[in-house]
Amino acid sequence: MTSTATRGIGWEEYLQLPLTRYEIIDGEVKELPPTLFKHQQVVCKLLTRLGTDADAETRGYLLPAPYDVVIRRSPLRTRQPDLLFISHERAQTIPDLPNQPRLEIAPDLIIEVLSPSDTASDWLEKLRDYHQIGVREVWVVDPQSASVEALGWSEAGWRSLGVFTQDQPIRSEVLGETPIQPATLFECA
95 MTSTATRGIG
105 WEEYLQLPLT
115 RYEIIDGEVK
125 ELPPTLFKHQ
135 QVVCKLLTRL
145 GTDADAETRG
155 YLLPAPYDVV
165 IRRSPLRTRQ
175 PDLLFISHER
185 AQTIPDLPNQ
195 PRLEIAPDLI
205 IEVLSPSDTA
215 SDWLEKLRDY
225 HQIGVREVWV
235 VDPQSASVEA
245 LGWSEAGWRS
255 LGVFTQDQPI
265 RSEVLGETPI
275 QPATLFECA
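Numbered per this note's numbering, the sequence shown spans residues 95 to 283.
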């Protein structure tokens, strides 16, 4: 990630920023690098396949980036996962959700597609942030190994719910068994 000239940004300054591709880490605005075609293709396939299953009237809402998840206000920290899911039950606790430009509660599920620019330390920091706010489940989608690992929240830390490859349907504590088979996500045009 590259840093912009803005440093030490607070909540009020954050509210004035355009809603684009960046994360704020302890007050420092960090531009997110452009994603590769393959990355976007995987995100689109997940959005299409899960979106049908995650109908807003019955289960919840599935949203793609850029949509900020506020980790904390001070020092300001935000993340922009590739996809996030908010259950219908949790969504009802958010006043005027359709008009909210950011999410200030933990999503039920976050899906992150790994990119070549991701470092191990950046990734571990993201997982700590998601754990801290109480995200119930994170999917780590790895195009390089053609796998999806589902991680479930526990007080002690993340626990693996399974690593799914090939034609194994992805099982989720949040969504149940999904119709998604990892092999179909990584087929590139």
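Every residue gets a Cβ at the ideal spot worked out from N, C-alpha and C, and that includes glycine.
Test item: CB-CB of residue i and residue j under 8 Å
i	j	result
residue 51	residue 181	Outside the displayed span of the chain (95 to 283) sits residue 51, for which this structure offers no information.
residue 126	residue 141	no
residue 254	residue 245	yes
residue 191	residue 269	no
residue 165	residue 110	no
residue 188	residue 199	yes
residue 119	residue 108	no
residue 201	residue 218	no
residue 161	residue 197	yes
Beta-ladder partner(s) of residue i, from DSSP
i	result
residue 224	Residue 224 pairs with nothing; no bridge assigned.
residue 271	265
residue 259	241
residue 154	181
residue 246	231 and 253
residue 170	167
residue 119	122
residue 203	179 and 231
residue 197	163
residue 236	241
Rounded distance between the beta-carbons of residue j and residue i, thought under 8 Å
i	j	result
residue 143	residue 273	6 Å
residue 242	residue 252	No, residue 242 and residue 252 are not in contact; Cβ-Cβ is about 14 Å, not under 8 Å.
residue 276	residue 259	5 Å
residue 207	residue 133	5 Å
residue 129	residue 209	6 Å
residue 282	residue 186	At roughly 39 Å, the Cβ-Cβ gap does not stay under 8 Å, so residue 282 and residue 186 are not in contact.
Residue of the options minimising C-alpha distance to residue i
i	options	result
residue 106	169, 129 and 145	169
residue 163	195, 267 and 256	195
residue 104	184, 186, 201 and 121	121
residue 256	278, 235 and 249	235
residue 248	115, 231, 123 and 138	231
residue 278	212, 175, 171 and 137	137
residue 159	171, 124 and 114	114
residue 123	135, 102 and 139	102
Closer than 7 Å: residue i CB and nearest the ligand GDP heavy atom
i	result
residue 194	Among the ligands in the structure shown, none appear at all, so the ligand GDP cannot be discussed.
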